[in-house]
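Residue numbers (my numbering): 2 to 86. Worksheet: the structure to be examined is printed underneath.
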């Protein structure tokens, strides 16, 4: 194991997993911030897998980050905007 890749994986999953597990309970005004945290975490985890020379898992993480971005952006666009009373 490469210590740098282990550090990248711990940091990346540490950012991405809590957001993914609590995605339904994130308030609407913070969903873009949650998505950004998830995206950054997945990119860092992909770098960790790339350092370990596991290109397939690195690409899978990048594809997942792209799919999540598209899906969340589509869902946010369909929701009515919150208007203060």
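Heads up, the beta-carbon is just placed ideally off N, CA and C, and yes, glycines get one too.
Problem set entry | residue 15 classed as buried or exposed, judged by whether at least 16 other C-beta atoms fall within 10 angstroms | By 1-based counting over the chain shown, the position of residue 15 is 14. Result: exposed.
Exercise. In terms of residues, what are the limits of the alpha helix (DSSP H) holding residue 31?
Worked result: Taking the chain shown and counting its residues from 1, the one referred to as residue 31 is at position 30. It is not in any alpha helix (DSSP H) - residue 31 carries neither H nor E in the DSSP assignment.
Problem set entry | Residue range of the unbroken alpha helix (DSSP H) whose run includes residue 15 | On the chain shown, position 14 is the one that residue 15 refers to. Taken as a continuous stretch (DSSP letters only), the alpha helix (DSSP H) holding residue 15 covers 4-22.
Problem set entry | 7 Å Cβ cutoff met for residue 66 and residue 40 | The residue labelled residue 66 in the question sits at position 65 within the chain shown. The residue labelled residue 40 in the question sits at position 39 within the chain shown. Yes, Cβ-Cβ distance for residue 66 and residue 40 is below 7 Å.
Exercise. Mind checking whether residue 6 and residue 49 have CB atoms under 7 Å apart?
Worked result: One-based indexing of the chain shown puts residue 6 at position 5. One-based indexing of the chain shown puts residue 49 at position 48. Between residue 6 and residue 49, the gap from beta carbon to beta carbon is short of 7 Å.
Exercise. Ordered along the chain, which non-local residues of its own chain (more than five positions away) have a Cβ less than 8 Å from that of residue 63?
Worked result: Numbered from 1 along the chain shown, position 62 holds the residue referred to as residue 63. For residue 63, where only same-chain residues beyond five positions count, the Cβ hits under 8 Å are 43, 44, 47.
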